[in-house]
Structure formats: C-alpha cells, structure tokens
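Asker: Each protein sequence line maps, in turn, to chains A and B.
Counting from 1, one number per residue, gives the positions in the first sequence under full-length UniProt numbering.
Counting from 1, one number per residue, gives the positions in the second sequence under full-length UniProt numbering.
From the three backbone atoms N, C-alpha and C, an ideal C-beta is built for every residue, glycine too.
As the structure is a computational prediction, the values presented were derived from the model and not from experiment.
Number of protein chains: 2
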Amino acid sequence: MRQNHSKLPAGGGTERVTIAQVAREAGVSKTSVSRFLGGEFDALSVHLREQIDKTITRLGYHPSQMARGLKGGRTRLIGMLVADILNPYSVAVLHGAEAACQKYGYTLMLCNTGNDEKREQLSLAALHSYSVEGLLFNTQGRNVTPLRELGQAAFPVVLLDRRIEGCDFDLVGLDNIGAGQLATRHLLEQGYTDIALVVQPLYGVSSRQGRQNGFLQAMATQPGSHGETLEVHLDQPGHVAVVLQEFFQRRRHSKGRMALLAGNGMVSLQIALALRSMKLKFPEDIGLLCFDELTWSPLVDCGISTIEQPTYEIGFTAIERLLARINGERSVRMEILLDGKLIKRGSSMAGNDSTAHSSDVAKKSRAANSFAPSVQQTPV
Amino acid sequence: MRQNHSKLPAGGGTERVTIAQVAREAGVSKTSVSRFLGGEFDALSVHLREQIDKTITRLGYHPSQMARGLKGGRTRLIGMLVADILNPYSVAVLHGAEAACQKYGYTLMLCNTGNDEKREQLSLAALHSYSVEGLLFNTQGRNVTPLRELGQAAFPVVLLDRRIEGCDFDLVGLDNIGAGQLATRHLLEQGYTDIALVVQPLYGVSSRQGRQNGFLQAMATQPGSHGETLEVHLDQPGHVAVVLQEFFQRRRHSKGRMALLAGNGMVSLQIALALRSMKLKFPEDIGLLCFDELTWSPLVDCGISTIEQPTYEIGFTAIERLLARINGERSVRMEILLDGKLIKRGSSMAGNDSTAHSSDVAKKSRAANSFAPSVQQTPV
DNA sequence: CTGTTAGCGCGTTCAA
DNA sequence: TTGAACGCGCTAACAG
Numbered sequence: 001m002r003q004n005h006s007k008l009p010a011g012g013g014t015e016r017v018t019i020a021q022v023a024r025e026a027g028v029s030k031t032s033v034s035r036f037l038g039g040e041f042d043a044l045s046v047h048l049r050e051q052i053d054k055t056i057t058r059l060g061y062h063p064s065q066m067a068r069g070l071k072g073g074r075t076r077l078i079g080m081l082v083a084d085i086l087n088p089y090s091v092a093v094l095h096g097a098e099a100a101c102q103k104y105g106y107t108l109m110l111c112n113t114g115n116d117e118k119r120e121q122l123s124l125a126a127l128h129s130y131s132v133e134g135l136l137f138n139t140q141g142r143n144v145t146p147l148r149e150l151g152q153a154a155f156p157v158v159l160l161d162r163r164i165e166g167c168d169f170d171l172v173g174l175d176n177i178g179a180g181q182l183a184t185r186h187l188l189e190q191g192y193t194d195i196a197l198v199v200q201p202l203y204g205v206s207s208r209q210g211r212q213n214g215f216l217q218a219m220a221t222q223p224g225s226h227g228e229t230l231e232v233h234l235d236q237p238g239h240v241a242v243v244l245q246e247f248f249q250r251r252r253h254s255k256g257r258m259a260l261l262a263g264n265g266m267v268s269l270q271i272a273l274a275l276r277s278m279k280l281k282f283p284e285d286i287g288l289l290c291f292d293e294l295t296w297s298p299l300v301d302c303g304i305s306t307i308e309q310p311t312y313e314i315g316f317t318a319i320e321r322l323l324a325r326i327n328g329e330r331s332v333r334m335e336i337l338l339d340g341k342l343i344k345r346g347s348s349m350a351g352n353d354s355t356a357h358s359s360d361v362a363k364k365s366r367a368a369n370s371f372a373p374s375v376q377q378t379p380v
Numbered sequence: 001m002r003q004n005h006s007k008l009p010a011g012g013g014t015e016r017v018t019i020a021q022v023a024r025e026a027g028v029s030k031t032s033v034s035r036f037l038g039g040e041f042d043a044l045s046v047h048l049r050e051q052i053d054k055t056i057t058r059l060g061y062h063p064s065q066m067a068r069g070l071k072g073g074r075t076r077l078i079g080m081l082v083a084d085i086l087n088p089y090s091v092a093v094l095h096g097a098e099a100a101c102q103k104y105g106y107t108l109m110l111c112n113t114g115n116d117e118k119r120e121q122l123s124l125a126a127l128h129s130y131s132v133e134g135l136l137f138n139t140q141g142r143n144v145t146p147l148r149e150l151g152q153a154a155f156p157v158v159l160l161d162r163r164i165e166g167c168d169f170d171l172v173g174l175d176n177i178g179a180g181q182l183a184t185r186h187l188l189e190q191g192y193t194d195i196a197l198v199v200q201p202l203y204g205v206s207s208r209q210g211r212q213n214g215f216l217q218a219m220a221t222q223p224g225s226h227g228e229t230l231e232v233h234l235d236q237p238g239h240v241a242v243v244l245q246e247f248f249q250r251r252r253h254s255k256g257r258m259a260l261l262a263g264n265g266m267v268s269l270q271i272a273l274a275l276r277s278m279k280l281k282f283p284e285d286i287g288l289l290c291f292d293e294l295t296w297s298p299l300v301d302c303g304i305s306t307i308e309q310p311t312y313e314i315g316f317t318a319i320e321r322l323l324a325r326i327n328g329e330r331s332v333r334m335e336i337l338l339d340g341k342l343i344k345r346g347s348s349m350a351g352n353d354s355t356a357h358s359s360d361v362a363k364k365s366r367a368a369n370s371f372a373p374s375v376q377q378t379p380v
C-alpha cells in the first residue's frame, strides 16, 4: 500500500493528485485536508495536521486552482491588457506588475492587443472567461463600451498611464503635467527658446495631453519663447523626418535656440533616427530631451537627456491598488500619480552660448537628404 | 419574463451567466447548449440551434473556461517561464508567442523568474496548479529536477533558446553555431584578426556554447588570427570594462586589428557603455559586432553591426510546436533552429587599412579613466 | 435528435 | 474536532 502512489499510472499523461487521494492515504476526510490548506489549523488536531502535512509532501499534492476558482470565485488570476508589448514602457510596467503578482500569490494572464480594437475585445472576453479577479488595463481609449459595462458592474479594474473617458476606474501612472513642466523648464533654463513637443496623435490619450499641458504651461512663463506641438505617425516610415523638416523651415527666421521634446520612448527613437538622417547633431545643432529613460539613452552621441518614469513602481503599485479593490475596498476613485525624474545628459546641455540657431538648422537640414531612408520601423 | 435577464441583480458583483440559465431561457437542456458550444451542429435541429444562438447573444453568455478545464483538462492555457523579462530577446520572443496563442485560442500565463531558481520552482508550481496544457520554457538550466519529472510524465514542454541537459523536450531557437560562424567570418573578412567573443558565463548554457563553437570553428580557418572568449558578469557594475582592459593589455604587442563580438543584447549594451567610458570609438579603434538586433543598434555612433535573430518567429513557432505536442504528437524530440541574419553597419566596417592596431588601443584605453563610472546597471 | 445523469476537484454548510 | 453531502459550471456517457 505504501508504494501505491506512483505518479505515472498508465498512459503518458500526468495524473493529477487530488485532495481525495490525500485524504484517503492520510486516513482523514477531504474536509480536514481542505481546512489544512486553508490554514484553519485551530480546527485540527496536531496529529491530523502532521499526518496531512506528510502525505501532501509525499504525494507532491498541489491544489487545483481551477477547481478552487470554480467554487468561490477566488481564482487568484489577474488579467493584463497591454497596448503594445514592443513598447519598452509597457514591458517595464509589466515587470513591476508581474513581481507584485508573484509576491501576493497571483498569476498574470497577459494579452497584447497590438493597438487593435478587435483584439482588445477578444482578449477582454478571454480573460473574463477565466474569471480573472481583476484587470490591469493599458490600451487605446477607443470604443470603451465593454469597459463601461465592467465599470457599472463594479468589476475591479486599474488603468495604467491613460485615463478613459466616462469610466471611474483607479489609475496609476505618471504625473504627466508635472513631468511636462519639469522637462520644459529644464530646456528653457538651458537657453532653448524654440521648442517643439513631438508626440503621437493626442486623440483623447490623457497622458499625452497631460504632458502637453505641462509643456504649454511652462512655456507660458517664458515670454518671447515659442512652443508648438508636432504630431507624428510612427506607423508611417519617414513621417517624423518630414514633420521635423517642416518645423525647421517654419522657424527658419527665428533667432532662438531650438530643442525637441520627445513625448515618449518610441518617438525618441524615431527622432534620433530622423535627426541622424538629416545629419543634425545634438546638442550642437539642436537640443533634445525625451520622455522615458531607455537602456540606450546614455549611448547615443553625447547621451540623451530624459525624463525617467518609475515604471517598475507603477506596475507594482497598480497591482496593489487592484488587490485592494478585489478585497472589497469601495472608496471613491483614486488616482496615483508618481513623479518623473530628470536625467541630464549631453543632448540638452549646449552651454549658454553655443553656435547654432534656428536659421542654421533649417539650412543644414535642407542640405542633407531629407527623407529618412530605410528607417527601421517600429509600429505604434 | 423577457426583462428578467438583468445583468446586475443585486450587489455590485458581476453575476455570471451560466449554461443552465441559457438552457432554461431557451427552453432546452444544458447538453444541447453544450453541444452548440462544442460545434456539434449536426446533432441539433435548426430550430434549437437558432433558439440557443439567440439566447446566448441576448444574455451575453460566455462559457467559463474554469469549469470547462475542470472537466476535460482542456484549459486552453499555456504557461511561459521567462528568465528575464528585462532582456529584450525574451520580450521579442514573448511577442511572437502571445500572437500565436491568440491565433489558436489559447491564453498565456506569464511568469518572470528573474534568473532565480526559487522563483522558477514556485512559478512552475503555480502554472501547474492552473492545469496549463503546456509550457514554454526559457531559463537557466540549473536544478532541472522538476523539469525532468515533467519530461518523464510526457508533459508538453518546448524549450526556448537553451537546451537542458537530460531533458528531451523540443527546442526552438537560433542556429547558434551557424550564427557564430557567420558573425566571425564577417569580422575576418573585414580584416580583423584579434577577436574576442564576449559572453556571460557559459556554464552549461547551450546557446552560448553554440555561439562559441561557431566562433572557434571560424577562427580556426584563418591561420595567424587570434580568438579568445571573455566571460563577463553583468551583475557586477564595471566588470565588462575591466575585462576588456585586461584583454587590450594582453594583446598590446599584437600587430592585428582588434574586434569584439558581443554574445547577446545585454552584453552589447555593457560593451558599448564600457568602450565609451574608455574613450574608444568603433570602428576606428576597435571593431564591434553584436548578437541581437536592437532598436538602437543603428543609432550608436556609426551604427552597430548585428546578428539579428528571428525572435517573433521563434516565439510563434515554439507555440505551434507546443500545440502539436498538446494535440498528441508523439514523434521524437525535435529541434527547430532558425537562421540569424547579418546586418552590416559601421561598427564592423573599418575599411581594409584603417589606422588603429592593438598596440594603439591598449595605449588609448589606459589613458582614459578606465573603471567605468556610473555605468547604468542592467541585471542579467 | 434530445434530455437525464454523473462526475471533474474543491470549499462549505450542517450534523455528529 | 471531524466527516458526509451538496453544489460551482461544464462535458460526456448513456438512454430515450
């Protein structure tokens, strides 16, 4: 009888050890084992406890979360919807979120929507079908009807980075306005007066709008400075170069010093590629400051100054917020905005009286072959 | 009676629509609904079919995968264990894997082990407890006992990138030997004769060993050339700089032209940082070729030459392989090795008679402040 | 073609 | 303290 617990009875498949087997071998009832698992030790005699403990480890028993979830709804599953897994920001946040899940005994179900509404819907349905206890959400705010339903049902959802119109979910992200101001002030202090914020289409994306607001507010404090927002489409190769080119031409009569403020990591990359194709160097020709600290930020030319987001913390905190909701917290909507950190590098430090002014930049950029050839494309 | 299907009966919680409700409202039995879901249309009258279809959409019914899995073991869940989610290679593979999962109607449960054995064990147990149908595995090959058990139980597992001693799981990854040769031959053709392969500790990691083998084989074809392998610890800040320094000193009497071959993306980053801290430029001072194409490869100085891996395809293929096993394929162990692609950029193209030779490099590197200060640390 | 019945592995009453 | 019995939502035999 002692050798009867072979793990490979017949066919190749792993036979699951069930609570019933444990109970039988330990000579107790299923309930006792269940209680043991649930930590209700005060309802078990010491003898039983030991007996069960031994049997469990001997058989290598692991309770089935499936069955467990089926009963009480505690699946210990959290779904995460990511807009674009190729976006380093998303991955960095994912890193923190996964760590938190592991800490609190949850498991992450990951879906990448690739910025596709349809896949978003499908993923949402899939996650729902597994009875995830909550959702971490980071996607385009388009077509929010399914989201609204979740909201009405008081289903636990925490938004990452972007607010969504008409949904009162908790949000964890960056203090975008503050970060926008921080970035802009730094550029102004360095003597830049012609500054362009380069972003992907603002269309209702609250984080982008927040950064723009911060940017505009800070610009407004400096009379005589000129600030404008450039929208670029990252899915159109070479578009960034064209937009920059136009900007340079437009400002060719300006006496001011020029700088670019990249709205996020993916824009940064495209800007860096575009500038290179135009043979423009920073900070000599133009200043540059980018949202999102990336591994390669220190590496390009004299190093790119950045606004670093506490991505790991954002992900970790978001999960904690979500767990609070899952555990029944009913307080009003919460918004946790963490601070960005300015990392100064060469790209924004031209010194106070460098050579190049707007007119020079325009000339130079015209001279170079303008339309960025073979720019490596990284979809939005 | 028609208005009776409210989704929010009482409390805030989302009440799940069950198959029983659908059956009741449609006036049929649960079995019929189940058959409908399972696509057994030939066992249903047209009338029933329509009735069920309507009721399902009206109620917004979604079958519970939990309950479904509990019964037949088809959870449509796949677990993925990632060694380090901060490693761009892992993320790129994840991207492909997730896409494949979505295509085939599976959902991915993601665990990041952070190269920690303990977390690996825990994650394995967690995934098992959810009855994942298969496992995508990419981690250190240490402590493989739990893996072996899975192997004996014929549990579907596909290995990513690295083979594991004593386990006969399918593998999808790069043709490392071929890629190593490809890389080395390119450097030799460009006139480099003193080449160092810089890798993280080889310790049983088959992919690293494969690349080294390819490297050594290619070096052996070129008499008079010198090749050596440098092991670096990425978790020790500045270690790369020290190792390179020592290499330069060791080769200071050589007449040959020097090049570095980075063993993966994370090593590339540290090498680039180290060279910069030593004020060494490529390709003037030293040639550089890196495994793993990264978004920033074209951006650093004159651009870094790379060996690009078909990461998306690796992830996608791995899932397909796994599904084949899940669906009962019993053929012998398979190894799918995809080809790397050489992307030539400035860092390996010094032209045939550039200035710098080993002796100069040694001198120059000594002159600069050698111990990389404040090197941004990115753990292994 | 269709419905009835019996579990899947577990948590949770309710008695003993 | 312990155990028997029921049900979670679903699928799969087995009848009709």
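Against chain A, does B/Met109 count as a neighbour if the rule is that its beta carbon must be under 8 Å from one of theirs?
Answerer: At least one chain A Cβ lies under 8 Å of B/Met109.
Asker: A/Arg276: which of A/Ala350, A/Ser348, A/Lys30 and A/Asp301 sits nearest, CA to CA?
Answerer: Selected option, being the one with the closest Cα: A/Asp301.
Asker: Three or more C-beta pairs under 8 Å: does that hold for the segment 120-135 of chain A against the segment 88-104 of chain A?
Answerer: Flag = no, the segment 120-135 of chain A and the segment 88-104 of chain A do not touch.
Asker: Return no unless some Cβ of chain A is closer than 8 Å to the Cβ of B/Leu338.
Answerer: Not an interface residue.
Asker: Provide the residue span of the alpha helix (DSSP H) that contains B/Asp53, from first to last.
Answerer: Note, B/Asp53: alpha helix (DSSP H), Val46 to Leu59.
Asker: Within the same chain, show all residues whose beta-carbon is closer than 8 Å to that of A/Arg321, passing over the 5 residues directly before and after it, in chain order.
Answerer: Only Val158, Asp170, Val172, Met334 and Ile336 meet the Cβ criterion.
Asker: For A/Thr229, which three-state DSSP category applies?
Answerer: Strand, per DSSP.
Asker: Hey, is B/Gly166's beta-carbon within less than 8 Å of any beta-carbon in chain A?
Answerer: Output row for B/Gly166: interface = no.
Asker: Starting from B/Gln65, find everything on chain A with Cβ-Cβ shorter than 7 Å and list it in chain order.
Answerer: Residues of chain A passing the Cβ test: Ser129 and Tyr130.
Asker: Report buried or exposed for B/Asn143, applying the criterion of at least 16 other Cβ atoms within 10 angstroms of its Cβ.
Answerer: Its Cβ having fewer than 16 others within 10 Å, B/Asn143 is exposed.
Asker: Is A/Ile78 close to chain B? Criterion is C-beta to C-beta, closer than 8 Å.
Answerer: Not closer than 8 Å to any Cβ of chain B, the Cβ of A/Ile78 fails to qualify, so no.
Asker: For a contact defined as C-beta to C-beta under 7 Å, what are the partners of B/Gly69 on chain A?
Answerer: Met66, listed in chain order.
Asker: Between A/Thr107 and A/Glu120, is the Cβ-Cβ spacing less than 8 Å?
Answerer: Cβ atoms of A/Thr107 and A/Glu120: not closer than 8 Å.
Asker: Check whether the Cβ atoms of A/Gly287 and A/Ser225 sit closer than 8 Å, and answer yes or no.
Answerer: No, the Cβ-Cβ distance between A/Gly287 and A/Ser225 is not below 8 Å.
Asker: Determine the extent of the beta strand (DSSP E) in which A/Met278 is found, giving its start and end residues.
Answerer: Unbroken run through A/Met278: none, as it is neither H nor E.
Asker: Report yes if the C-beta distance between A/Gly180 and A/Gly214 is below 8 Å; otherwise report no.
Answerer: The answer is yes: Cβ separation under 8 Å.
Asker: Might you give, ordered along the chain, the residues of its own chain that have their beta carbon closer than 6 Å to the beta carbon of B/Phe282, omitting 5 neighbours on each side?
Answerer: So the list reads Leu288 and Ser347, once near-sequence residues are dropped.
Asker: Under the DSSP definition of a beta bridge, which residues are partnered with B/Phe137?
Answerer: According to DSSP, B/Phe137 bridges with B/Leu81 and B/Leu159.
Asker: Residues of chain B with a CB under 8 Å from the CB of A/Leu136: which are they?
Answerer: By Cβ distance, chain B contributes nothing, its closest Cβ being about 12 Å from A/Leu136, past 8 Å.
Asker: Rounded to whole angstroms, what's the CA-CA distance from B/Leu86 to B/Glu50? Just pull it up for me.
Answerer: Looking at the two C-alpha atoms, the distance is approximately 50 Å.
Asker: Near B/Leu44, what residues of its chain come up, given a Cβ to Cβ distance below 7 Å and the 5 sequence neighbours on each side ignored?
Answerer: Closer than 7 Å at Cβ, skipping near neighbours: Ser32, Arg35 and Phe36.
Asker: Starting from A/Thr184 and walking both ways along the beta strand (DSSP E), at which residues does that stretch end?
Answerer: Element bounds for A/Thr184: not the beta strand (DSSP E) but the alpha helix (DSSP H), Asn176 to Glu189.
Asker: Under the rule that 16 or more other beta-carbon atoms within 10 Å means buried, what is B/Arg74, buried or exposed?
Answerer: Classification for B/Arg74: exposed.
Asker: How big is the Cα-Cα spacing for B/Leu269 and A/Val22?
Answerer: If I take the Cα positions, the gap works out to 51 Å.
Asker: Between the segment 187-201 of chain A and the segment 246-264 of chain A, do at least 3 Cβ pairs fall closer than 8 Å?
Answerer: Counting Cβ pairs under 8 Å, three or more are found: they touch.
Asker: Using a cut-off of 8 Å between C-beta atoms, extract the partners of residue 382 of chain B located in chain A.
Answerer: Absent from the structure is residue 382 of chain B, since the part of chain B shown begins at 1 and ends at 380.
Asker: Please confirm if A/Asn112 has its CB atom under 8 Å from at least one CB of chain B.
Answerer: Answer yes: the Cβ-Cβ gap between A/Asn112 and chain B drops below 8 Å somewhere.
Asker: Got a sec, what are the start and stop residues for the beta strand (DSSP E) A/Thr306 sits in?
Answerer: Ser305 to Glu308 is the extent of the beta strand (DSSP E) around A/Thr306.
Asker: Considering only the beta carbon of each residue, do B/Gln212 and B/Val199 sit closer than 8 Å?
Answerer: Yes, Cβ-Cβ distance for B/Gln212 and B/Val199 is below 8 Å.
Asker: In terms of DSSP beta bridges, what is A/Glu120 paired with?
Answerer: A/Glu120 pairs with nothing; no bridge assigned.
Asker: Can you give the Cα-Cα distance for B/Asn112 and B/Val82, rounded to whole angstroms?
Answerer: For B/Asn112 and B/Val82, the distance between alpha carbons rounds to 5 Å.
Asker: What is the rounded straight-line gap between the Cα of A/Tyr192 and the Cα of A/Gly256?
Answerer: Straight-line Cα distance between these residues: approximately 7 Å.
Asker: Chain B partners of A/Arg119, CB-CB under 9 Å?
Answerer: Correct list: Gln102.
Asker: Classify B/Asn176: buried if its beta carbon has 16 or more other beta carbons within 10 angstroms, exposed otherwise.
Answerer: Buried, by the Cβ-count rule.
Asker: Going by CA-CA distance only, name the one from A/Val242, A/Val28 and A/Ser129 that's closest to B/Gln65.
Answerer: Closest option to B/Gln65, Cα to Cα, is A/Ser129.
Asker: By Cβ distance below 6 Å, which residues in the same chain neighbour B/Ile52 in space, the five residues on each side in sequence not counted?
Answerer: Answer for B/Ile52: Ala26, Val33 and Phe36, listed in chain order.
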